[in-house]
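Asks:
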Amino acid sequence: MPALSFEAPGRLKLGRPVAIIDIGSNSVRLVAYEGLSRAVTPIYNEKVLCGLGRHVATTGRLDEEAVDRALRALARFRVLCDTMNVSDIFVLATAAARDASNGPAFLEAAAKACGQPISLLSGAEEARASALGVIAGFHDPDGIVGDMGGGSLELVDVRGSQVGQGITMPLGGLALQDVSGGSLKKAQRIVREALERAPEYLENLHGRTFYAVGGTWRALAKLHQAARDYPLHVMHGYLIEPDDGLDFLRLVEEADAKTLKDIESVSEARRPLLAYGAMVLEEIIRLGQPIEVAISAFGVREGVLFDKLDAATRERDPLIAAASDLNLLRSRSPRHGEELCQWTEAFIRSLGLPEVEYDIRLRRAACLLADIGWRAHPDYRGEQSLNLIAYGAFAGLDHPGRAYLALSIFFRHEGLSPDKVGSRIKTLAGPRLLERARLLAALMRVAYPVSVAMEGVLPQVPLLARGNQIVLQLPAHLEPLANERLMGRMRGLGKLLNMDTVIEIV
Numbered sequence: 001m002p003a004l005s006f007e008a009p010g011r012l013k014l015g016r017p018v019a020i021i022d023i024g025s026n027s028v029r030l031v032a033y034e035g036l037s038r039a040v041t042p043i044y045n046e047k048v049l050c051g052l053g054r055h056v057a058t059t060g061r062l063d064e065e066a067v068d069r070a071l072r073a074l075a076r077f078r079v080l081c082d083t084m085n086v087s088d089i090f091v092l093a094t095a096a097a098r099d100a101s102n103g104p105a106f107l108e109a110a111a112k113a114c115g116q117p118i119s120l121l122s123g124a125e126e127a128r129a130s131a132l133g134v135i136a137g138f139h140d141p142d143g144i145v146g147d148m149g150g151g152s153l154e155l156v157d158v159r160g161s162q163v164g165q166g167i168t169m170p171l172g173g174l175a176l177q178d179v180s181g182g183s184l185k186k187a188q189r190i191v192r193e194a195l196e197r198a199p200e201y202l203e204n205l206h207g208r209t210f211y212a213v214g215g216t217w218r219a220l221a222k223l224h225q226a227a228r229d230y231p232l233h234v235m236h237g238y239l240i241e242p243d244d245g246l247d248f249l250r251l252v253e254e255a256d257a258k259t260l261k262d263i264e265s266v267s268e269a270r271r272p273l274l275a276y277g278a279m280v281l282e283e284i285i286r287l288g289q290p291i292e293v294a295i296s297a298f299g300v301r302e303g304v305l306f307d308k309l310d311a312a313t314r315e316r317d318p319l320i321a322a323a324s325d326l327n328l329l330r331s332r333s334p335r336h337g338e339e340l341c342q343w344t345e346a347f348i349r350s351l352g353l354p355e356v357e358y359d360i361r362l363r364r365a366a367c368l369l370a371d372i373g374w375r376a377h378p379d380y381r382g383e384q385s386l387n388l389i390a391y392g393a394f395a396g397l398d399h400p401g402r403a404y405l406a407l408s409i410f411f412r413h414e415g416l417s418p419d420k421v422g423s424r425i426k427t428l429a430g431p432r433l434l435e436r437a438r439l440l441a442a443l444m445r446v447a448y449p450v451s452v453a454m455e456g457v458l459p460q461v462p463l464l465a466r467g468n469q470i471v472l473q474l475p476a477h478l479e480p481l482a483n484e485r486l487m488g489r490m491r492g493l494g495k496l497l498n499m500d501t502v503i504e505i506v
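For reference, each letter of the sequence shown is one residue, going 1 to 506 in the UniProt record's numbering.
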């Protein structure tokens, strides 16, 4: 079988792919990434629910059947990595392997199966890697990271790029199921006693964000979205209000999992662990009183890769990094996206419209993404761009921000009427971001008939607010561009802002 070429035109020139193999207490997973970068993009993702941590808490040993499944998965992953021409494979093992008496023998066999040395992470190392994953996936995070796996729960404080000292507790789903004998009441007592012994972490959570990492919590968030008929089925950055979360978590603990809406989307092997994940999260919310719970799709794997980046790359904004990558891969002239950022910024400043950092980041990302739909049929460019952005693998972006980006580019192609798009994504954006999206789209609708998406034009044609007028300045050699189409786009912008519009030849 021929190896996958890393010279594919639709891929960034980052060299050969890199991969993480994560040997966890519940699953063994392979994730191969396009390359090592600030905005890592998976090119392949596969997990096998082996249940290595099942019964370790009571027997002290890894189950032989689970070990056999894990070794077969690792041998398969080795072949897949060879096929993808992966350059570096980082193999990690966590709670089950470090807690079991036959863990060393398993790791020796596992290293042979996957053909790579294995890093056995301590609890503190696992907590740090989870925190780095959240730093990789969120812009300027501030709160407590909680990573719940099958065998353990790690808690660690994160402030911006700073990671505190982490702790690990035997509160994974499989471990709780094991030591409680399947009794939810007994498991709840175990959870409360363990968390009450870590008051500094929960006290530091008050009024801050709890970043929930791990497959069980992502599954709970998926069910929460289904129960609330949420319009965007993206896990990363999904926010749950504490009061609403507590009501839902109690429902999960008390109800038969089969009755939960969209339960089919959760694998059968994970369903028995949902109640344990719910009770751990409930106690964290009750004791820690966070302002919100943010679901993170980034964790130990992304944290390990983030730690391998140089300092300058780590400091890059993950949203702008991802938008820049898509701009490079999909735009007709990537430099034009950068010029559009500066051109729109100059107009907004002249208009006196306040922009906080959040607004600036979103506007810049939208400008970089403005031309990614140009290859689509003209009648569907707006719709395809909206879908690419709303469901894209972006980090450093909340869900209202996703809606803003998607709506900006949709309105750029389809016109400024809010009636052209469904109510659910408009509701997700909210009134303020909806109007900001329409304004940015109106500016883009003026920019593109002048620049035709080519670099070097926008710096010559400033658009400025002057009193109650919007003035587009064209140099004499570009005067033929001032046709009825351009004037129509100018009038659309003026109508949105209740201002007159003028084209000046200078």
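The beta-carbon is built from N, C-alpha and C at its ideal position, and this holds for glycine as well. The model shown is predicted, which means the values in this text are computed figures rather than measured ones.
1) Quick check: what's the CA-CA separation for L184 versus D99?
2) Considering only residues of the same chain and omitting the five flanking positions on each side of R192, which have a CB-CB separation below 7 angstroms?
3) Consult DSSP for T168 and reduce its assignment to one of helix, strand or coil.
4) Less than 8 angstroms separating the beta-carbons of A365 and L405?
5) Return the residue from the list I43, N45, E65 that minimises the CA-CA distance to G53.
6) Determine the direct distance from the alpha carbon of N498 to that of L472, and round the result to whole angstroms.
7) Is it true that the CB of V40 sits closer than 8 angstroms to the CB of A305?
8) Alpha carbon to alpha carbon, what distance is there between V452 and E479?
9) Quick check: the stretch 81-92 against the stretch 103-117, are there 3 or more CB pairs under 8 angstroms?
10) Helix, strand or coil: how does DSSP classify N387 here?
11) By Cβ distance, which residues of its chain are closer than 8 angstroms to R466, with the 5 residues on each side in sequence left out?
12) Please classify Y211 as buried or exposed, where buried requires at least 16 other C-beta atoms within 10 Å of its C-beta.
13) To test your reading of the DSSP string, which unbroken beta strand (DSSP E) runs of 3 or more residues are found completely within the stretch 425-469?
14) Between which two residues does the alpha helix (DSSP H) holding T259 run?
15) Please confirm whether V234 and E126 have their CB atoms less than 8 angstroms apart.
16) Comparing alpha-carbon positions, which option in E154, A124, R159 lies nearest D140?
17) For the putative contact between Y44 and A32, defined by C-beta atoms under 8 angstroms, what is the C-beta separation to the nearest angstrom?
18) Around the Cβ of P2, are there at least 16 other Cβ atoms within 10 angstroms (buried) or fewer (exposed)?
19) May I ask which residues mark the beginning and end of the beta strand (DSSP E) holding V91?
20) In the DSSP assignment, find the unbroken alpha helix (DSSP H) run with Y33 in it and report its ends.
21) Below 8 angstroms on the Cβ atoms is my contact criterion, and I expect M148 with T216 to pass it. Report the Cβ-Cβ distance as a whole number of Å.
22) For V134 and P42, what's the separation of their Cα atoms in angstroms?
23) Any idea if Q177 is buried or exposed, counting beta-carbon neighbours within 10 angstroms, 16 or more meaning buried?
24) Taking all protein chains shown into account, decide if K495 is buried (16 or more other Cβ within 10 angstroms of its Cβ) or exposed.
25) Is the stretch 353-365 close to the stretch 318-325, with three or more CB pairs under 8 angstroms?
26) Can you name the start and end residues of the beta strand (DSSP E) that I295 belongs to?
27) Using three-state DSSP, classify M1 as helix, strand or coil.
28) With H, G and I counted as helix, E and B as strand and the rest as coil, what does DSSP make of Q225?
29) Going by C-alpha distance, which of E455, S101, L74, E196 is nearest H55?
30) Which residue marks the beginning of the alpha helix (DSSP H) containing G492, and which one marks its end?
31) Quick one: what's got a C-beta closer than 7 angstroms to L4's C-beta in the same chain, skipping five residues either side?
32) What does the alpha-carbon distance come out to for the pair L12 and R335?
33) Which two residues bound the contiguous beta strand (DSSP E) that contains S119?
34) So, for Q460: in the same chain, excluding its five sequence neighbours on each side, which residues have a beta-carbon less than 6 angstroms away from its beta-carbon?
35) Report yes if the C-beta distance between A227 and E253 is below 8 angstroms; otherwise report no.
Replies: Result, derived from the coordinates:
1) By 1-based counting over the sequence shown, the position of residue 184 is 184. By 1-based counting over the sequence shown, the position of residue 99 is 99. Rounded to whole angstroms, the gap between the alpha carbons of L184 and D99 is 23 angstroms.
2) Position 192 of the sequence shown holds residue 192. These residues qualify, in order along the chain: E283.
3) Counting from 1 along the sequence shown, the entry for residue 168 is found at position 168. Strand, per DSSP.
4) As a first step, residue 365 must be located in the sequence shown, where it is residue number 365. As a first step, residue 405 must be located in the sequence shown, where it is residue number 405. In this structure, A365 lies near L405, with their beta-carbon atoms less than 8 angstroms apart.
5) For the purposes of this step, residue 53 is taken as residue 53 along the sequence shown, with counting starting at 1. Residue E65 is the option with its Cα nearest to G53.
6) On the sequence shown, position 472 is the one that residue 472 refers to. On the sequence shown, position 498 is the one that residue 498 refers to. Rounded to whole angstroms, the gap between the alpha carbons of L472 and N498 is 16 angstroms.
7) Indexing the sequence shown from 1 puts residue 305 at position 305. Indexing the sequence shown from 1 puts residue 40 at position 40. The amino acid occupying residue 305 in the given sequence is Leu; Ala does not appear at that position. The Cβ atoms of L305 and V40 sit closer than 8 angstroms to each other.
8) For this step, residue 479 is matched to residue 479 along the sequence shown. For this step, residue 452 is matched to residue 452 along the sequence shown. Straight across, the Cα-Cα distance linking E479 with V452 is about 15 angstroms.
9) Note that the stretch 81-92 touches the stretch 103-117; at least 3 beta-carbon pairs, one per stretch, sit closer than 8 angstroms.
10) Here the question's residue 387 lines up with position 387 in the sequence shown. Collapsing the DSSP output to three states places N387 in a helix.
11) Here residue 466 is taken as the residue at index 466 of the sequence shown, counted from 1. Closer than 8 angstroms at the Cβ level, and outside the excluded window around R466, lie S350.
12) On the sequence shown, position 211 is the one that residue 211 refers to. Looking at its Cβ environment, which holds 16 or more other Cβ atoms inside 10 Å, Y211 is buried.
13) Runs of the beta strand (DSSP E) inside the stretch 425-469: 463-466.
14) Here the question's residue 259 lines up with position 259 in the sequence shown. From DSSP, T259 is part of no alpha helix (DSSP H); its letter is neither H nor E.
15) Reading the sequence shown from its first residue, position 234 is the one you call residue 234. Reading the sequence shown from its first residue, position 126 is the one you call residue 126. For V234 and E126, no; Cβs fall outside 8 angstroms.
16) Counting from 1 along the sequence shown, the entry for residue 140 is found at position 140. Across the set E154, A124, R159, the C-alpha of R159 shows the shortest separation from the C-alpha of D140.
17) Your numbering for residue 44 matches position 44 in the sequence shown. Your numbering for residue 32 matches position 32 in the sequence shown. In this structure Y44 is in contact with A32, their Cβ atoms being roughly 4 angstroms apart against a cut-off of 8 angstroms.
18) Within the sequence shown, the letter at position 2 stands for residue 2. In this prediction, P2 has a pLDDT of 47, which is less than 50 and means its spatial position is unreliable; nothing more can be read from the coordinates.
19) To locate residue 91, count along the sequence shown from 1; it is residue 91. In this chain, the beta strand (DSSP E) harbouring V91 covers 88-93.
20) Looking up residue 33 in the sequence shown gives position 33. Premise fails: Y33 lies in the beta strand (DSSP E), 27-33, not in any alpha helix (DSSP H).
21) Mapped onto the sequence shown, residue 148 falls at position 148. Mapped onto the sequence shown, residue 216 falls at position 216. A Cβ-Cβ distance of about 6 angstroms is found for the pair M148 and T216, placing them in contact under the 8 angstroms criterion.
22) Within the sequence shown, residue 134 is the residue found at index 134, counting from 1. Within the sequence shown, residue 42 is the residue found at index 42, counting from 1. For the pair V134 and P42, the Cα-to-Cα distance works out to about 17 angstroms.
23) Start at 1 with the first residue of the sequence shown, and residue 177 comes out as number 177. Looking at its Cβ environment, which holds 16 or more other Cβ atoms inside 10 Å, Q177 is buried.
24) As a working note, residue 495 is residue 495 in the sequence shown. The residue in question, K495, is exposed, as its Cβ has fewer than 16 Cβ neighbours within 10 Å.
25) Segments in contact, yes.
26) Stepping through the sequence shown from its first residue, residue 295 is reached at position 295. Where I295 is concerned, the enclosing beta strand (DSSP E) stretches over 292-296.
27) Mapped onto the sequence shown, residue 1 falls at position 1. Residue placement at M1 is flagged as unreliable, the pLDDT there being 42, under the threshold of 50; the coordinate-derived value follows with that caveat. In the structure shown, M1 falls within a coil segment according to DSSP collapsed to helix, strand and coil.
28) Within the sequence shown, residue 225 is the residue found at index 225, counting from 1. Looking at Q225 - three-state DSSP - the assignment turns out to be helix.
29) Start at 1 with the first residue of the sequence shown, and residue 55 comes out as number 55. Comparing Cα positions, the closest option is S101.
30) As a working note, residue 492 is residue 492 in the sequence shown. It spans 484-497 - the alpha helix (DSSP H) in which G492 sits, taken as one unbroken run.
31) Here residue 4 refers to the residue found at position 4 of the sequence shown. Note on L4: pLDDT 49, under 50, position unreliable in the model; no value is reported.
32) For the purposes of this step, residue 12 is taken as residue 12 along the sequence shown, with counting starting at 1. For the purposes of this step, residue 335 is taken as residue 335 along the sequence shown, with counting starting at 1. C-alpha separation (whole angstroms): 16 angstroms.
33) As a working mapping, residue 119 is identified with position 119 in the sequence shown. Looking at the DSSP string, the run of the beta strand (DSSP E) that includes S119 is 118-120.
34) The count along the sequence shown starts at 1 and reaches residue 460 at position 460. Within its own chain, the residues whose Cβ lies closer than 6 angstroms to the Cβ of Q460, once the five positions on either side in sequence are excluded, are P475, listed in chain order.
35) What you label residue 227 is simply residue 227 of the sequence shown in a count that begins at 1. What you label residue 253 is simply residue 253 of the sequence shown in a count that begins at 1. For A227 and E253, no; Cβs fall outside 8 angstroms.
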